[in-house]
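The listed protein sequences correspond, in order, to chains D and H.
Quick note: the first sequence uses the working numbering, first residue 69, plus one each step.
Quick note: the second sequence uses the working numbering, first residue 2, plus one each step.
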Amino acid sequence: MARRSRSHLVFGLLGALAMTAGLLTTASAQEITSQETLSLGRADQLLRQKAFDQAMEELGRLPKEFHEDPLFRGHLGRAAGALYRTARRRTYREGLAPFRGRAAASVRVTHRKQDSGRNSDQTSDNRGWQINERLETTLGREGRINARFLQEADGFKNGHRDLRYRTLLVDFFNGSSHLALGDSASYGSPYFLRGSRLRGADLLLRGETHELQLVAGGYPFWLESRDEYIYPRTVWGFRDKWNLMGERVSLGAGLMQARDSEKIRTIDTANRPRDNVVYSLEQAVRLVPDVWWLKAYEAYSVTDDDLLEERFGNARKLKDTAFRLESDLIQPFLRWRSRYERTGPEFRLLTDIPSGSVVNAKGITADREFIQQYLDLAPLGPLDLDLEASWYRNSLDGRDNVEQTRQRWATVEAGFLVPEGWPKPRVRGTATETLSSPGSATRASQTRTFDVRTDLTHRLGDWSLNGFGTFKAEHPLKDKTAFDEQTSWSAGSQISRPLGKRLYWTSRYEFRFFDEVFDETRIRDHSDEINNNLSVRLWSTASLGLHHSFLRGMLRGTASAKKIEANRHTGSASLSWPYVWTRADKRRRLTIHPSLAYYVSNVTNSLERRPMASGGLRLAYEAYPDWKLELNGNFRWDDDGEADEVRTEESRVWLSFTTLWP
Amino acid sequence: MTFLFLPPAFAQKALRIGSVSYDQHVHSTELIKFTVAVKNNEATTQFAEVDITLTNVETEQELTLVPVLTGNVLAGQESVLVTTYQNIPDGTYTVSFPLFDGDGVRVDRVTGSTPIHIGTETETLQVFPEVIHLGTLPPGRAMFPTPIEVRWAFYRFNRLRLDQPFYIRIYSDNAARYRGVRGALRRNSPAGLVSADGRFAIPLKLWNLNYGPDMQEGGWDAALAGPPPVDDDAFWIGPELLEGGRNLGSANWVRIPDLSEMTSDPVSWRRLIGQDPFDNRYVSDSNQTGDFTLKSPFTLYLAAEAGPTAVEGAYTANLVVELWDP
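Here's what the structure looks like:
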C-alpha cells in the first residue's frame, strides 16, 4: 500500500491498541466428529434460512455430552431465542405485530452538560436539552390491509423550542406491499433511491412474480446539520421488476427524476438548482441455483447542472452512464466473487443524497472505475490459499487538470494445514501500486509497495504462542532521483495464558528495524518494545487491567528520527454491579446497574500522566409488557495535567418512558 | 428617445476584479504570490488599490497585508496586479480582495474560493489511550464509556499546491490468531475481538461524529447528546426501510473491519476522517468539497454486542489506526 511509512511507524509505536475483554474463562470444548459436524452444519444452514424449528430438531439429534460445546450452545441460543421472540408478545420498539388497535409511545429526555478545554473533545458541545418523542400505532388484522402510523419529533434544543416533525408516516400495508404517505425510506435499486428518505407517496406492490414501485413527493435536504431552511427538491419515479422462471431471472427498469426548486437561490445565491433524470435497468440471473448468480445494473443520467444558467441560454447539460456487474460462484472447492463498476464523469444521481445527512458517505463517486476479484480456494493438500486482486481508478476521461488516485492491489494469503497439535504457519503478502498524479510534493508520484506478514501460532495447553515477522519495502517507480527506497522489518512474539480462573496474562515483544533517508542522510537503526498486560476478573462483572510497556531505540518521525527510552505504566479498573429483581409472575422487573471505570497512564520520561474516570447508573422499571421507565446517567472526567487544552468534564442523563396499549 | 434603466445589479462597475489567483498551500518561509486582474470600464485611467485581507480560520483575526497592492489601469483595459508577501504567521486563512478606487471608495470585492494554508510539512498521529481494558462485557450491547482520542496533524500538498488526499483509517489485525470453529460450514470474520483459543470472535463497532445521519433524519443530535444509544436498532443497525429490513449504510454505529477484509478500494476501509478532493464519495449537496475531516483531537467510542451466541472467554484484539495518503 502506498502510504507514508513514517506515519505508519509512528503510529505503530503510539497507536496500536491492545485490548482485552476479560470475560469468564473459556468453557472446555468437545472435539467434534464428522457426523456431529454435519448436524451442526445442517443446523447452521437452517438457521440461516430462519427455519428455527427444524434447526432445533437438528440440534436435538446431537448426543447429550455435546451440549456443553460452545458452538452447540451458540446455535441453540439463536434458534431458541428466535422461537421465543416469535412466540411472545411484542413490546416497545421491537416492532408492532399487526394487531388491532395497538399503540406504542416513547419519550426520551436527554440533558447534557460539558465543560472542556479548548480543542479538547470536540465530539460534542455543551448545549443542554433534547427531547425525542415517538408514537407508533398499528391497526388491522392478519391477512387484510393494515395501517401503521408513525410520528417522531424532537425539540427543545439549543435552549429554545425547536419542535419540528422529523418523521410522519401513514403506511397501509398487506404482506410486503405498501402504500406509504409521509416520510419513508426504501432501497429499490442502486440507481433508484438507495435508502434515502422521501416525503410524499411511496407505493410498493410486491407479488411472487412482479414488483412495482411508484414514488412522488419532496426530497428534503439540509445544507447544515442545524440549518433552519429545508431545501425543496421534488422527486418522482417508478420501478418495475419481474421475476421469471421461478425467480431464476429478474428483469427490472426504472425512471427517476429529481428537480430542485429555484427558490433555493433566495437562501444563498451560491446554491445551484438542478434537474436530474436517471433511467435504469437491472438484471439478476441465477445461472445455477445456490451455486452461481449474476447481477447487473445500468443507468443513464441527464442532468441540468444549473437551471438558472439555462435561462440565459447557457445550459450545462451532463449526460453519462454508470453500470455495475457482480458475480458470485460458490463451489465446494472455491468461492469466486467478482465485481466491476464504472461510473462516468458526468453521471449524477441526486436521489442518492440522503436527506439531511451531512457527513455520511453515500454519494456515488463519479468518474470512477473499480474491479475486484476474490478467490477463496478450498485447501489443496496442505495449502490453504486465498487470492484477492482489486484495482480502482478515478478520473476516467482525464478532463480534470489533476489526475486522481489510481491503485492496484493484489494479496496472496496462504495458510499451511499441519497435523493437529503442530504450530500453524500463515503468510500474507500484498503488492500495491499507487499512482497519484501530479502527486505529493514530498514523495514519488508512483510507488510500488510490498508488505509481507508471517505468523506462526501454536497452542500448548493453556499457553497461546505466536511468533510474527513483517517486512515492508516501498520503491519509487517515478522520480527515482528525488526519492529513495524505504524498507523496514520487524519480528516479535506474543505469549498469553490464563493464570488460574481470574487472571489472564499477555506478553508481547517486538524488534523493529528501518532503513530510510532523512534530509539526504541515510539512517539505519532499530528500536524494541516489550509489553506486559494482566487482566483480572474481580467479582461479578468487575475487572482490573494492568499494563506496562518499555520502549527504547530510534524511532522514525515525520521528517527525522529520534532516540527514545521510556516506560509507560497503565492501569484501568472497570466495576459494575448489575442487580435485577423480578416479581414471581415475571410481570414486574427492576434493574439497577451502577458502573465505574477508571484509567490512568503514566510515561516516565515525558512526565505525561493522564487519568480518566467515568461512571454510569441505569435504573429501569418494567411493567411487562405495558410500560417501561428508564433512567440513564453517565459521567466522564478526563484531565491531562501537563496539557491545559486536554480537559473534559461531561455528564449526560436521559429519562425515557415507553408504553404500549392495550 | 429611448431611456434604458438598468437595475443596480446589472449596472457596469467602473472598476471591477476580473479574477484572482494564489497558491493554496505555502511553506512558512516561502513568498506568497497574489495575482489580481482589475478591469477598468471608465473612459479615463483609474487608480486601483486592492487590500488583500486574510482571516484566520481558528482565531477569526483579520490581517491586511501591507504594503497594499496598487496600480493604474488604463481606460477600457484590464491590468494584472502582482505582489508577493512573506513571513505570514502559520495558519489557515480565508482570503478576500476588496478593491478601492482613487477616492478610497470600495467598488468591488472578491472572496477567494479556497483558503490559504501556511505551515510546515507535518504528518503526525497519536492515539490515547493505547491500551484499553474493556472489562467484562455484560449480555447485550455495551459501549465502552471512555472514548479514544485521536490527535492528528497533516500538512502536505501536491505539486499543484492543492490538498494532498489523506485518510485516517482503523482496522483490526487478527487474521493470524483467528482459527474459527473446525468443521463449520461458514467461516466467520476475524474482525473485532478474538478469543484466546482463536475459535470465536465478537465484532467491534465504533462511532464518531462522522457517522450516522444528522438529527433531521435520525432524531439524534449527536453534537448535543453524544454517542447514540446502542440499544436502539435505528442507530445500531440502521433506520427502517419501507419494504422491511434496515438501511445498513445509515447506521450510526459502524463495524470495524479486519485487515484481511480490506482491498485497495477505500470503500472497504473504515475511515475515521479524511480529505480527498479527487474522490467524490463524500460530495453531496451539503458537502460540496467532500470534506470528511474532524478537527484534532477528535474522539471515537467503541461498543460490542455479546449476543446469545457469544462464548465465554478472554478476548483480545490488535487495533490499528493508520494515516494513509497516496
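Quick reminder that beta carbons are idealized off the backbone N, C-alpha and C, glycines included.
- In this structure the region 86 to 105 of chain H touches the region 29 to 42 of chain H; the number of beta carbon pairs closer than 8 Å is three or more.
- A Cβ-Cβ separation of about 6 Å places Glu262 of chain H in contact with Ser190 of chain H under the 8 Å criterion.
- One Cα belongs to Trp531 of chain D, the other to Pro487 of chain D, and the distance between them is close to 18 Å.
- Sequence-ordered contacts of the region 187 to 216 of chain H with chain D read Arg187, Leu194, Ser196, Ala197, Asp198, Gly199, Arg200, Phe201, Ile203, Asn209, Leu210, Asn211, Tyr212, Gly213, Pro214, Asp215 and Met216 [C-beta pairs closer than 8 Å].
- Counting only the Cα atoms, Pro99 of chain H lies some 45 Å from Pro229 of chain H.
- The three-state reading of DSSP puts Leu272 of chain D in strand, counting E and B together.
- Chain H has a Cβ within less than 7 Å of the Cβ of His246 of chain D.
- Rounded to whole angstroms, the Cβ separation of Leu126 of chain H and Val322 of chain H is 7 Å, and the two are in contact under 8 Å.
- The C-alpha of Trp153 of chain H is placed about 14 Å away from the C-alpha of Pro166 of chain H.
- Taking 4 residues as the shortest admissible run, the region 197 to 248 of chain H contains the following complete alpha helix (DSSP H) segments, listed from N- to C-terminal end: 216 to 219, 223 to 226 and 234 to 237.
- Put simply, the CB of Glu220 of chain D is near chain H, with a gap under 7 Å to one of its CB atoms.
- Going by beta carbons, Gln25 of chain H and Thr123 of chain H fall outside the 7 Å limit.
- For Glu244 of chain H, the nearest CB of chain D lies under 7 Å from its own CB, placing it at the interface with that chain.
- Among the residues of the region 560 to 573 of chain D, those with a Cβ less than 9 Å away from any Cβ of chain H are Gln562, Ser564, Arg565, Pro566 and Tyr572, in the order of the chain.
- Taking C-beta separations shorter than 6 Å and ignoring five residues to either side along the sequence, the partners of Tyr408 of chain D in its chain run Leu393 and Ile439, following chain order.
- Around the beta carbon of Pro140 of chain H, fewer than 16 other beta carbons lie within 10 angstroms, which makes this residue exposed.
- Of all residues in the region 660 to 671 of chain D, the ones placed with a Cβ closer than 7 Å to any Cβ belonging to chain H are Ala665, Tyr667 and Ser669, in chain order.
- Its chain contains Pro491, Pro493 and Gly535 as the residues whose beta carbon lies nearer than 6 Å to that of Leu524 of chain D, once the 5 sequence neighbours on both sides are disregarded; these appear in chain order.
- When the five nearest sequence neighbours on each side are left out, the beta carbons in the same chain lying within less than 6 Å of the beta carbon of Arg677 of chain D are those of Asn670, in order along the chain.
- For Leu545 of chain D, no beta strand (DSSP E) segment is defined, and its DSSP state is neither H nor E.
- Closer than 7 Å at the C-beta level to chain D, one finds no residue of the region 55 to 85 of chain H.
- For Ala226 of chain H, a Cβ of chain D is located within less than 7 Å of the residue's own Cβ.
- For Leu485 of chain D, the closest of D:Leu699, D:Leu503, D:Pro450 and D:Thr510 by C-alpha to C-alpha distance is D:Pro450.
- Look at Asn42 of chain H: its C-beta is not under 7 Å from any C-beta on chain D.
- With respect to Gln475 of chain D, Thr517 of chain D sits apart: the two C-beta atoms are not nearer than 7 Å.
- Shown here for Phe140 of chain D: same chain residues with a beta carbon closer than 8 Å to its own, the five before and five after excluded, namely Leu108, Leu127, Leu130 and Phe134 in chain order.
- The C-alpha of Leu260 of chain H lies about 8 Å from the C-alpha of Ala176 of chain H.
- According to the DSSP assignment, Gly92 of chain H belongs to the beta strand (DSSP E) that extends over Gly92 to Phe101.
- Tyr287 of chain D is outside the set of residues whose beta carbon lies under 7 Å from a beta carbon in chain H.
- In the pairwise beta carbon analysis, the region 297 to 314 of chain H is classified as not touching the region 542 to 559 of chain D: fewer than three pairs are separated by under 8 Å.
- Under the 7 Å criterion on CB atoms, Gly220 of chain H is classed as interfacial with respect to chain D.
- Around Ala143 of chain H, the same chain offers Val231, Ala304, Ala305, Glu306 and Ala307 as residues with beta carbons nearer than 8 Å, after the five sequence neighbours per side are excluded.
- For the region 255 to 276 of chain D, the beta-carbon criterion of a distance under 7 Å to any beta-carbon of chain H is satisfied by Tyr255, Gly263, Arg265, Asp270 and Leu272.
- Within the region 613 to 697 of chain D, no alpha helix (DSSP H) run of at least 4 residues lies entirely inside it.
- Annotation for Tyr302 of chain H: Met144, Phe145, Pro148, Leu207, Trp208 and Pro228 place their beta carbon closer than 7 Å to its own, counting only its chain and skipping 5 residues before and after.
- Counting every other CB atom within 10 Å of its CB across the protein chains shown gives Leu237 of chain D a total of 16 or more, marking it as buried.
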